[in-house]
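A.B. asks:
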Amino acid sequence: MPMAFGFPRQNLTKTQTKPDHADAPRRSSARRPLIGKPLGGCILALLLVSCALAGAARGALAEPMRPTAFRAVAESCAPGVAPALLNKLVAAESGFEPLAIGVNGPEPASYAPRTAQEAVRIARELMAQDKSIDMGLGQINNVNLDWLGLTPRSVFDVCRNLTAAATVLRDGFERARESGATKEDALRKALSAYNTGSFTRGVHNGYVARVLGEVSPARPSSATPGSPSLNDDSKDAQRWNVFGTSSTSGAQVFQ
Numbered sequence: 001m002p003m004a005f006g007f008p009r010q011n012l013t014k015t016q017t018k019p020d021h022a023d024a025p026r027r028s029s030a031r032r033p034l035i036g037k038p039l040g041g042c043i044l045a046l047l048l049v050s051c052a053l054a055g056a057a058r059g060a061l062a063e064p065m066r067p068t069a070f071r072a073v074a075e076s077c078a079p080g081v082a083p084a085l086l087n088k089l090v091a092a093e094s095g096f097e098p099l100a101i102g103v104n105g106p107e108p109a110s111y112a113p114r115t116a117q118e119a120v121r122i123a124r125e126l127m128a129q130d131k132s133i134d135m136g137l138g139q140i141n142n143v144n145l146d147w148l149g150l151t152p153r154s155v156f157d158v159c160r161n162l163t164a165a166a167t168v169l170r171d172g173f174e175r176a177r178e179s180g181a182t183k184e185d186a187l188r189k190a191l192s193a194y195n196t197g198s199f200t201r202g203v204h205n206g207y208v209a210r211v212l213g214e215v216s217p218a219r220p221s222s223a224t225p226g227s228p229s230l231n232d233d234s235k236d237a238q239r240w241n242v243f244g245t246s247s248t249s250g251a252q253v254f255q
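Position 126, counted from 1, in the sequence shown is what full-length UniProt numbering calls 126; the numbers after and before it change by one each time, with no gaps.
Structure below.
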């Protein structure tokens with residue numbers, strides 16, 4: 001795909017070709033540990049979420065999110081879905097790049113804007129050209145912005161993006177369950193629909209297996225050094241109960 005799309009060449013970074021979505025509908029300080037102090041863990045989690053969201057507001061999240069920040073935001077903004085599942089999904093979708101933009105179609109491409117302002121500008125330009133694009137951590141497609149209550153600007157907010165990703169995933173899961181699928185099959189169908197809009201194409205193209213860890217990732221660059229990983233107590237990625245409710249202490253992955 002040509003580099004320009006009407007953008008100044010020096011302001012764009014074009015990365016590798018983006019697969020799959022053709023059919024779409026990091027450093028702790030040296031402070032004293034909080035262990036043993038009342039509410040220490042809660043305070044730390046709140047600080048992590050606040051820092052991540054503040055970074056998004058400043059347009060400063062041009063680098064992949066660090067594991068602790070991602071998990072804190074996932075637990076806060078998408079509490080109904082297991083962080084471990086969102087972890088794997090986001091790794092496959094964006095490699096934890098909050099400003100990632102993927103272009104679908106016969107000439108797929110990916111963009112890595114340096115600021116949120118640049119990401120918004122690029123997204124609007126591409127949409128004005130009737131391009132099908134995926135945006136942010138969860139690579140939310142532009143056709144889904146309206147029903148998710150998002151805009152080309154708010155979709156790059158890390159919290160709202162993960163909330164939207166969880167909404168799309170749950171919608172697919174519930175539709176699959178209503179069609180008679182077991183929970184395990186419904187999860188596979190939901191992931192397939194997330195990727196392609198179809199309950200089957202995401203299985204055939206390898207996306208579902210990649211997210212569930214059944215094969216080596218086809219996009220090694222998504223597995224960035226230090227990226228979040230599944231909890232050690234969840235070894236079998238095919239036997240997840242991934243959805244929870246706000247009444248639980250976070251949706252836990254368990255066998």
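Ideal Cβ positions, reconstructed from N, Cα and C, are used throughout, including at glycine. Remember, it's a predicted structure, so these values are computed and weren't measured experimentally.
Quick check: the Cα distance between Lys189 and Thr167, rounded to an integer number of angstroms?
C.D. replies: Each residue's alpha carbon lies about 15 Å from the other.
A.B. asks: If you run the structure through DSSP and keep just helix, strand and coil, what is Gly102?
C.D. replies: Strand.
A.B. asks: According to DSSP, is Ala62 helix, strand or coil?
C.D. replies: If DSSP states are grouped into helix, strand and coil, Ala62 belongs with coil.
A.B. asks: Kindly list the residues whose CB is nearer than 8 Å to the CB of Pro152, restricted to its own chain and excluding five residues on each side of it in sequence; keep chain order.
C.D. replies: For Pro152, where only same-chain residues beyond five positions count, the Cβ hits under 8 Å are Val120, Ala123, Arg124, Met127, Met135, Asn142 and Leu145.
A.B. asks: Hey, Asn161 and Ile133: beta-carbon distance below 8 Å or not?
C.D. replies: Their beta carbons are not under 8 Å apart, which means Asn161 does not touch Ile133 by this criterion.
A.B. asks: Helix, strand or coil: which one does DSSP assign to Ala82?
C.D. replies: The answer is coil: DSSP assigns Ala82 none of H, G, I, E or B.
A.B. asks: Does the CB of Gly180 have a neighbour CB from chain B at under 8 Å?
C.D. replies: This model lacks chain B altogether, as it is built from one protein chain only.
A.B. asks: Could you tell me whether the region 204-213 touches the region 176-193, where touching means 3 or more Cβ pairs closer than 8 Å?
C.D. replies: A contact exists between the region 204-213 and the region 176-193.
A.B. asks: For a test of the three-state rule: what should DSSP assign to Asp130, helix, strand or coil?
C.D. replies: Coil.
A.B. asks: Give every residue of the same chain whose Cβ lies closer than 6 Å to the Cβ of Leu169, excluding the five residues on either side of it in the sequence, and list them in chain order.
C.D. replies: The answer, listed in chain order, is Ala190 and Tyr194.
A.B. asks: Nearest to Val90 by alpha carbon, out of Asp185, Phe199 and Thr163?
C.D. replies: Among Asp185, Phe199 and Thr163, the Cα nearest to that of Val90 belongs to Thr163.
A.B. asks: Please report the straight-line C-alpha distance between Gly213 and Gln117, rounded to a whole angstrom.
C.D. replies: If I take the Cα positions, the gap works out to 34 Å.
A.B. asks: Compute the distance between the beta-carbons of Ala69 and Pro113, then report whether it is under 8 Å.
C.D. replies: Contact: no.
A.B. asks: Thinking C-beta only, is Ala78 closer than 8 Å to Ala165?
C.D. replies: Yes; because the gap between Cβ atoms is below 8 Å, this pair is in contact.
A.B. asks: Would you call the CB atoms of Ala109 and Gln139 closer than 8 Å?
C.D. replies: The answer is no: Cβ separation not under 8 Å.
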